[in-house]
Structure formats: structure tokens, C-alpha cells
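Numbering (my numbering), first residue to last: 103 to 764.
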């Protein structure tokens, strides 16, 4: 039903208020909506809008009585026959709170509008049977019961299942939709709510539930009794903020494990407030009463459900709803900081109970650190540390059943492995740094130029490690010996000179290093992109390394596994050829010096045959060698990639060359 107010041409002037026949006096605990609806019922009006119309209040787009009565308390007091009641009506009208959008006054206590149902009403049948008056607390969605009788509120008609409103009435105790005719034929209410008493709330912690209600209940009595039971940390806040903190705690306790948002899971509709059972509210209120121990009890409860929460580790995994509560925009910043402090303290207190993966700020001990942090602190690669953890060489912690999650490693054990911050460098890295084959590094260590580390946790079969400071020292000492001035004409890089001399079993590097350090072998610096020690320095010519023939006492390490590039240099061929030999099974996938020597004794490549013929005065092209050998009755043992990829038996070829090829 729509009220007809003043004409549109005179909207600026209020219509005069007309008093009702029967007055309606508010009682403690009633807001403006309950008063207006009771006045309509007492004066036999079907619609509450008749009372507003009598007060000269027109419809302005918002059907709620709360909004339409704001600012018209004087007129409404006249209509209700309350000559001095305008101040009282103003006090029970929900005016917006300045500076807090979405909040309204609730008997002097700021309350979020979403917590009040200003369209539909609920009733307590037992309370109506005791006193036929409505209460504003029944409109607070958070509470599903009457604060006085503890009876569950009736929110729908037991017969038609429709929800009562504040707009129509057959009497405040009747359903506004179900009616019947009396003996005179007038409509009257059919369903009396008082005939349908509801269950009474029975929980263990009624004290905490009473505290939650008392924070905003206008009939609570002396508010100081509530604050006398609070910890000083919470006693500094007013009842509105404490009530909102209680609601936030209830939200955290009832957050589903499937909730993925980082914000607090707050209800938005009446149907969603059913999760705020009296039991939940009492637990949330108990958190405030027992603060700070109460907070840690709630944290333990939230943590217990963390296994069902998405994510693998960290404070959000353990205390996700409480973390969301600490960032909730509806809580004061001071309360947010208080909750954050308690979360951090709780994470610290529980970090030693059971090993778990946490961020640094939430770990009570720095013994276990993430692999990434360990790699930065100790100069090791993350892969190497991960390998140590997988092999059980160091203690580690990882969330079970997690595919992707950080791993914490014991920093003390890692420090023992690394030892005095002196890091071991793998032989491959040393070979790249110095430009010397890995198989020759052992002889440099034997000569005292490098410091070998006994194979430990870093090692793998066939691998060696050297002290990084010894590698750096050797390079520094050699670079100091480099001559100043321009390089001589015909200069050649040291590595290239060694390759040109080309003795397979020779290991000239200890003698080369000794002569460089003694000043007997002059070297020059070669600038450019090649930075290895022996590649970035040159000698006058190849003949400077003639002493190489006398270096047979320095053998190559037999057990060192060669890379394909190193094997190619050893056999004076290419990496492609080495790969082909491995595919044919003529070489091991991880060849050692012994394997390569055995191959060199048994087989020979076309390129080497060409060089042998040239040394005997017969220069041939590669393509001509196969036909000559076949003409002499020698066939290749294997074919790699055409004529240039032929493998021959060394004994047969040397026999033919020895007899001379026609």
C-alpha cells in the first residue's frame, strides 16, 4: 500500500501531523520501526504507512520505515501523541554514523547496516506471550534467539511460510498474510505466533553468549560490568568495535575450507547468518573474554582444519581465516594490528611443536632455512642443495603430499659441509676456469698447484672437487707472470699450441704451469671473449712447448669421465663423431681415459690416416683414402656419416701403410 503525500507542486512543505486515537509509547529496547508498527496495530490500521501518512511523511523511494522517519521525529511524536517524545524517537531512529559508511546508530552503539534486517521482522513467541511488544534486538541478524528468553526466533509463518514485514499488520502477534473474518465480517489475523513456541537455546558457555549479546543489547544494564571482564588490550575499544571483532571471530571459526579468497568470509544475506549459531557466537565471545589465551585457542582450532585448506605451507595455510581477519576493513586499524601481533606470536609459539614449513618471520629458530636462502648464504646452487636433501645428506622439511612447496634445510649441517665458508668447486668448473682438461687436474693437485677436496656430500661417481681459493690463487699467480707490451708475431694460444703438438697420452700441463710460474715460459695476455686461463694467454710459437715430449711422467687420470668435447680433443676428432661412436657402441657413454686409449689402440679414423700418409710423403684428400684402402683389401669396421665417417681397424691400416700403398 502506497501513501499519498503532498502534491508534487508543494513538496518543499511538510503536511501537518494528525494525532492518532490511541497513543503509542516506546518501551526500552524498541526502535522506530517497532513503535510505528505497534501504533498501526493499536489503532486498527492495516498498513504502517497510514501512521506515517498521518505524520505527513511521504513515500520517497525507500519503503523501510527506518529511512522514511529520519528527520521527522517532531511530526511523528505528534501523531503518536508523545508531546515531548521527539528526542526519544530521534534516539531510537537508526541515523548513519559520520565517517563510517554503511554504519548506523543502534541505541547509541554504531552497528553495520548489514547486521540488521530492516525489511523483514522476526518474533519470539514466548516473549510475546509474556509482553505483547516487539523488540529491536530481533532485527539483528547475528542473533537467532531472544536475549531474554533465549528462545529461537520465528522468522516465517508456520502455515504460509512467508516472512513478516514492518509494513502490514493484523496485530503484532499475527501473520500479516494469513487472515480470517470475524463474526462481523471484518478481517483479522488467523495465525497467532504465540501458539508456536520455539526451542530454547542450551549451550555450555552461556556466559560468553551473554557477553556477545550485552555488547549491543539496549536492555543490558551497566556496561561497566562487561568491561571489568576484559583484558586491557581490548578494554580500550568501545562496544561497537568489540562486537564487530566478535563477528569477525565467528566468521573465522565458520569459514569453509573451500574458501579461496584472501578476504574474510562474511555473510551478506539473512540465509548466510544461520552459521552464527549460539554455540559459534559463544566461542567467538570467549576469545575476547579469555584474551589473549582465548585467541591462541581459536588459532589452534583454525590450525586444526588447515589440512583441508588450499595451499601447501605458511601462515595462510595454517591460520588463513585469522589472517583475513587481521586485514578486514570493518575492523579498526588498531584492532587489525593487535590481531596481526597475536598471529605472529602464535606462529612463534607453535613453531617448535611440530616441524613445518614456514616463512622466516614465523620461525622461532633459524636452523632450518629455505633452499633459496641457503643457496644465497652459502654460495651453492639450489639444485646441489636439493640433491643433498634428497639423498639424506642434510636434514630437510617439506610439506607432505605437496607437489610444489618450499623445502627447509638444516643450515648447521650445511655449514659443516661447506666448512668455514670455503666452497668446493667441481672439476668441470675448474677445467672451464683454467682451460685445462679435467683428466689433467689431478696431476696439478699432485704437483701442489691445486688443493683437492676429499670427495664428500657434493661428490658423485667419477667427480672431484677442488678448493676455490686454490683455483683463484693459481690463476692470479699465472696472470701476474704475463708479459707487458704487444704480443710477438706468430703468437699462438697455449691451448691451441698443446693441441697442435697432439700426443694422445701426454699431459704437459704440470710442466707448463711450473715453467710459467718460474718465469721460464713467457706468456702474453689475449683480450677477447675467451676467458679461460690457458686460452686467454699465448706463447711465442708452438716450439716454446717442445719440452712436452719429456712430460710422460705426468699421466692423465684414468678414472676421470670425459665429456664428448674432451673426448673429441683427446682423439683429435669432433663431438659429432664421438656421439656417433657412442651410438654404435664403440665408445662408452661416459668414456674414461682408459676407454679412449683402448679405442685409439684398436681403431683409427680417416683423418688420422690422412695425416700418417702425409708424414710419409704422400698427401691425399680424405675422400681418396677409402678407395685406396679398399684396393688394398681393407674394409671399414663401421660407418658413421658417409666417407668422412669411416672407422678402420688400426692394425690393418698400419700394416698397409707400412708396406706402402700403390
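Glycine residues also receive a C-beta, built at the ideal position from the N, C-alpha and C atoms.
Cβ separation of residue i and residue j, assumed to be a contact under 8 Å, to the nearest whole Å
i, j, result
"residue 170", "residue 125", "Not a contact, Cβ separation roughly 20 Å."
"residue 354", "residue 451", "No, residue 354 and residue 451 are not in contact; Cβ-Cβ is about 18 Å, not under 8 Å."
"residue 588", "residue 668", "Actually they do not touch by this definition, with Cβ atoms about 33 Å apart."
"residue 595", "residue 640", "5 Å"
"residue 131", "residue 237", "5 Å"
"residue 738", "residue 748", "4 Å"
"residue 194", "residue 177", "Not really, about 16 Å apart at Cβ, beyond 8 Å."
"residue 526", "residue 555", "5 Å"
Residue i classed as buried or exposed, judged by whether at least 16 other C-beta atoms fall within 10 angstroms
i, result
"residue 214", "buried"
"residue 266", "buried"
"residue 376", "exposed"
"residue 262", "exposed"
"residue 197", "exposed"
"residue 146", "exposed"
"residue 398", "buried"
"residue 278", "buried"
"residue 498", "buried"
"residue 288", "exposed"
"residue 522", "For residue 522, the predicted model reports a pLDDT of 38, less than 50, meaning its position is unreliable; a value from the coordinates is still stated below. Exposed."
"residue 283", "exposed"
"residue 406", "exposed"
"residue 137", "buried"
"residue 338", "exposed"
"residue 364", "exposed"
Among the options, the one whose alpha carbon lies nearest that of residue i
i, options, result
"residue 734", "754, 276 and 540", "754"
"residue 314", "280, 381, 364 and 359", "381"
"residue 120", "704, 139, 689 and 152", "152"
"residue 260", "225, 759 and 234", "225"
"residue 248", "320, 211 and 200", "320"
"residue 258", "295, 404 and 435", "295"
"residue 336", "207, 440, 625 and 725", "440"
"residue 509", "752, 471, 546 and 478", "471"
"residue 318", "287, 368 and 218", "218"
"residue 157", "598, 420 and 174", "174"
"residue 306", "333, 383, 666 and 155", "383"
"residue 715", "434, 331, 761 and 590", "761"
"residue 437", "473, 420 and 351", "351"
"residue 356", "417, 426 and 339", "426"
"residue 210", "486, 189, 628 and 268", "189"
"residue 599", "366, 268, 221 and 537", "537"
"residue 374", "291, 546 and 245", "245"
"residue 647", "220, 475 and 610", "610"
"residue 623", "585, 293 and 572", "585"
Residue i to residue j span [Cα, whole Å]
i, j, result
"residue 312", "residue 391", "11 Å"
"residue 576", "residue 593", "23 Å"
"residue 401", "residue 448", "8 Å"
"residue 757", "residue 711", "12 Å"
"residue 693", "residue 718", "32 Å"
"residue 322", "residue 243", "18 Å"
"residue 515", "residue 483", "16 Å"
"residue 149", "residue 142", "7 Å"
"residue 360", "residue 403", "17 Å"
"residue 544", "residue 442", "58 Å"
"residue 725", "residue 569", "49 Å"
"residue 394", "residue 298", "42 Å"
"residue 750", "residue 541", "27 Å"
"residue 372", "residue 492", "53 Å"
"residue 181", "residue 281", "28 Å"
"residue 741", "residue 676", "15 Å"
"residue 123", "residue 134", "19 Å"
"residue 185", "residue 200", "29 Å"
"residue 513", "residue 643", "52 Å"
"residue 191", "residue 128", "8 Å"
"residue 434", "residue 342", "10 Å"
"residue 628", "residue 417", "56 Å"
"residue 290", "residue 168", "26 Å"
"residue 601", "residue 671", "8 Å"
"residue 488", "residue 679", "35 Å"
Contact test: residue i Cβ vs the ligand FMN heavy atom, cutoff 8 Å
i, result
"residue 638", "The model on display carries no ligand, and the ligand FMN is accordingly not part of it."
**Asked** Are three or more beta carbon pairs between the stretch 415 to 430 and the stretch 379 to 389 nearer than 8 Å?
**Response** No: fewer than three Cβ pairs fall under 8 Å.
Take every Cβ of the stretch 629 to 645, pair it with every Cβ of the stretch 573 to 586, and state whether three or more of those distances are shorter than 8 Å.
-> By the C-beta criterion, the stretch 629 to 645 is judged to be in contact with the stretch 573 to 586, since at least 3 inter-stretch pairs fall below 8 Å.
_Three or more C-beta pairs under 8 Å: does that hold for the stretch 247 to 256 against the stretch 300 to 307?_
These segments touch.
(request) Kindly confirm or deny that the stretch 343 to 358 and the stretch 269 to 280 touch, where touching means at least three C-beta pairs closer than 8 Å. (result) Between the stretch 343 to 358 and the stretch 269 to 280, the count of Cβ pairs shorter than 8 Å is below three; the stretches do not touch.
- request: Would you be able to state if there are at least three C-beta pairs under 8 Å between the stretch 610 to 617 and the stretch 548 to 556?
  value: Yes, since at least three Cβ pairs between the stretch 548 to 556 and the stretch 610 to 617 fall closer than 8 Å, the two stretches touch.
Can you find at least 3 beta carbon pairs, one from the stretch 694 to 702 and one from the stretch 720 to 731, that sit closer than 8 Å? Flag = no, the stretch 694 to 702 and the stretch 720 to 731 do not touch.
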